[in-house]
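Going by full-length UniProt numbering, the residue at position 151 of the sequence shown is 151; the numbering climbs one at a time, nothing skipped. The C-beta atom is built at its ideal place from N, Cα and C for all residues, glycine as well. The structure under discussion appears below in the form of structure tokens.
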Amino acid sequence: MTTLENRPNSALLVVDVQNGVVTGAHERDSVVANIGGLVERARQEGVPVVWVQHSDEELVSGSDEWRIVPELVPAEAEPLVGKNYGDAFEATDLEEVLSGLEVGRLVVVGAETDACIRSTLHGAFTRGYDVTLVGDAHTAGDKSAWGAPPTEQVIAHTNLYWRFQAAPGRTAGTVETKEVDLKGAS
Numbered sequence: 001m002t003t004l005e006n007r008p009n010s011a012l013l014v015v016d017v018q019n020g021v022v023t024g025a026h027e028r029d030s031v032v033a034n035i036g037g038l039v040e041r042a043r044q045e046g047v048p049v050v051w052v053q054h055s056d057e058e059l060v061s062g063s064d065e066w067r068i069v070p071e072l073v074p075a076e077a078e079p080l081v082g083k084n085y086g087d088a089f090e091a092t093d094l095e096e097v098l099s100g101l102e103v104g105r106l107v108v109v110g111a112e113t114d115a116c117i118r119s120t121l122h123g124a125f126t127r128g129y130d131v132t133l134v135g136d137a138h139t140a141g142d143k144s145a146w147g148a149p150p151t152e153q154v155i156a157h158t159n160l161y162w163r164f165q166a167a168p169g170r171t172a173g174t175v176e177t178k179e180v181d182l183k184g185a186s
């Protein structure tokens, strides 16, 4: 029920699953495996996979930290959107990419839960997209030294919060990997 006209398709949006982002992240290996499984399912079902890759002073473009983890390899034809802000829509061509694919619904996975994932979820939702967060396919590093709760609580809270999002003409929700309907309403 997206508010975007003529956008009947869904896409899997893989956000910032980069070496320097997920090294040491909470349940890194299982999250990357869940993402990998969804990427393969999307490809088999003909659902576009759109990759997002962050760069900044710590994730220098071209560096090993900047690269997408070796377990996940974007296909040559899959769009790769570079970004410099938390919200993957901000100052990028993501909207144009999704418009060209006639996408009105996003299934979101990746990192970091408490930064780029939350920002991108809200960025998509406020722009009119239906947005499903895959609850066991996003992660973050420990930021408790700066006063944040333990990472598992950050993830659980984000999953709970997104499960109950609502707005006119749009849907949101959180599902586990095994429950994802890549083409439908989740």
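inquiry  = Is the separation between the beta-carbon of Asn19 and that of Asp93 shorter than 7 Å?
reply    = With contacts defined by Cβ atoms closer than 7 Å, Asn19 and Asp93 do not form a contacting pair.
query = My guess is that Val15 and Val108 are in contact by the Cβ rule of under 8 Å, so how many angstroms apart are they, rounded?
reply = Cβ atoms of Val15 and Val108 come within 8 Å of each other, at about 7 Å.
request  = Select from Pro48, Ala42, Pro150, Ala124 the residue whose C-alpha is nearest the C-alpha of Gln165.
outcome  = Measuring C-alpha to C-alpha distances from Gln165 to each of Pro48, Ala42, Pro150, Ala124 identifies Ala124 as the nearest.
ask   = Is it a yes or a no for the stretch 158-176 touching the stretch 36-52, going by three-plus beta-carbon pairs under 8 Å?
value = The stretch 158-176, when compared against the stretch 36-52, does not touch it at the 8 Å Cβ threshold.
Chain-order list of residues whose beta-carbon lies under 8 Å from that of Gly24 (same chain, five-residue window excluded) = Non-local beta-carbon contacts of Gly24 in its own chain, meaning distances under 8 Å to residues more than five positions away in sequence, involve Gly141, Asp142 in chain order.
request  = Ignore the nearest five residues each way along the sequence and tell me which others in Thr158's own chain have a CB closer than 6 Å to its CB.
outcome  = Excluding sequence positions up to five before and after Thr158, its CB lies within less than 6 Å of the CB of Thr113, all in the same chain and listed in chain order.
task = Please check the pair Asp130 and Thr2, which I expect to be a contact at CB under 8 Å, by giving their CB distance rounded to whole angstroms.
result = That belief holds up - the Cβ atoms of Asp130 and Thr2 are roughly 5 Å apart, short of 8 Å.
message = Please list the terminal residues of the continuous alpha helix (DSSP H) segment that includes Arg105.
response = That residue, Arg105, is in no alpha helix (DSSP H); its beta strand (DSSP E) goes 103-111.
inquiry  = Would the stretch 67-74 count as touching the stretch 26-45 if we require 3 or more Cβ pairs under 8 Å?
reply    = Because the criterion of three Cβ pairs below 8 Å is met, the stretch 67-74 and the stretch 26-45 touch.
ask   = What are the boundary residues of the alpha helix (DSSP H) that includes Trp146?
value = Per DSSP, Trp146 belongs to no alpha helix (DSSP H) and is neither H nor E.
ask   = What are the boundary residues of the beta strand (DSSP E) that includes His54?
value = 49-54 is the extent of the beta strand (DSSP E) around His54.
ask   = The alpha helix (DSSP H) with Asn6 in it runs from where to where?
value = Premise fails: Asn6 is in no alpha helix (DSSP H) and is neither H nor E.
inquiry  = If distances are taken between C-alpha atoms only, which option among Ala145, Pro150, Thr126, Ile117 comes closest to Ala137?
reply    = Nearest of Ala145, Pro150, Thr126, Ile117 to Ala137, Cα basis: Ile117.
message = Tell me the residue span of the alpha helix (DSSP H) that contains Gly82.
response = Bounds of any alpha helix (DSSP H) do not take in Gly82; it lies within the beta strand (DSSP E) bounded by 80-83.
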